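Only one structure is covered here, and it is reproduced in the block below.
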Amino acid sequence: MTDFDIFRPMAWDKLVHEYDLDGARLLPWNGYPTPIGGGWCVVRPHTKSLSHTQIDQEFFIGIKGTAQLIVGDRTYPFTMGDIAAIPKHTDHYVFNDTDEDFHFYVVWWDRESANRFLDEDARQAVAANEFALHKATVHDVSDQRAS
């Protein structure tokens with residue numbers, strides 16, 4: 001079993017205003033290693049998120065509502081089920097010109113976070129193999145004594 005809750009309900013009352021939208025950073029999840037970051041984002045009616053660039057690569061996934069996604073000098077209609085790849089160092093923002101909230105999920109990563117994850121995953125695999133080897137050795141010794 002895990003040493004953390006495998007389910008976490010969304011805390012709508014804990015959204016934080018950053019990048020000129022309301023959001024919640026949901027990944028990484030404490031106790032569950034992952035090479036990505038992720039967050040829920042809400043662009044309120046008749047507002048836009050902060051135009052910015054990132055050192056990370058990102059995916060945006062449309063969840064609810066309709067908005068415009070501006071990436072570089074291109075504008076895309078952005079709605080439920082749409083997915084967009086945002087290259088690192090590319091200016092981007094979301095503009096909601098409707099009367100309803102627009103929800104999307106963002107996933108981000110960079111080489112450094114992926115390498116940290118791979119290093120930790122390898123360390124855990126070595127530890128698990130050492131434990132399994134120790135357990136097998138103890139079991140073999142017990143079997144020999146029983147004979």
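Those letters in the sequence shown? Residues 1 to 147, by the UniProt record's numbering.
By construction, the Cβ of each residue, glycine as well, lies at the ideal position given by its N, Cα and C atoms.
Quick caveat, the model's predicted, so the values are computed rather than measured.
- With contact counted as at least three CB pairs below 8 angstroms, one residue from each stretch, are the segment 3 to 11 and the segment 75 to 83 in contact? no
- Query: With a Cβ-Cβ cutoff of 8 angstroms, do V16 and N96 count as a contact?
  - Reply: no
- Are there 16 or more other CB atoms within 10 angstroms of the CB of L21, so buried, or fewer, so exposed? buried
- Extent of the continuous beta strand (DSSP E) to which R44 belongs: It is not in any beta strand (DSSP E) - R44 carries neither H nor E in the DSSP assignment.
- Item | Closest by C-alpha distance to Y19, when choosing among V71, E100 and H52 | H52
- Item | Presumed contact (8 angstroms Cβ cut-off) between H92 and I63, rounded CB distance | That pair is no contact at about 17 angstroms.
- Under 7 angstroms Cβ to Cβ from P87, same chain only, skipping five residues before and after it: list those, please. Q57
- Query: Among the residues of its own chain, which have a CB less than 6 angstroms from the CB of D82, if the five just before and after it don't count?
  - Reply: G62
- Beta-carbon separation of P35 and A125 under 8 angstroms? no
- Check each candidate in A127, D121 and H89 and name the one with the smallest Cα separation from Y32. D121
- Item | Simplified DSSP assignment, three categories, for E100 | coil
- Task: Give the range of the beta strand (DSSP E) segment to which L69 is assigned.
- Result: T66 to V71
- Message: Quick check on A127: does DSSP put it in helix, strand or coil?
- Response: helix
- Query: For W40, which option in R123, A127, L50 and L27 has the closest C-alpha, if you only look at C-alpha atoms?
  - Reply: L27
- Quick one: what does DSSP say L21 is sitting in, helix, strand or coil? strand
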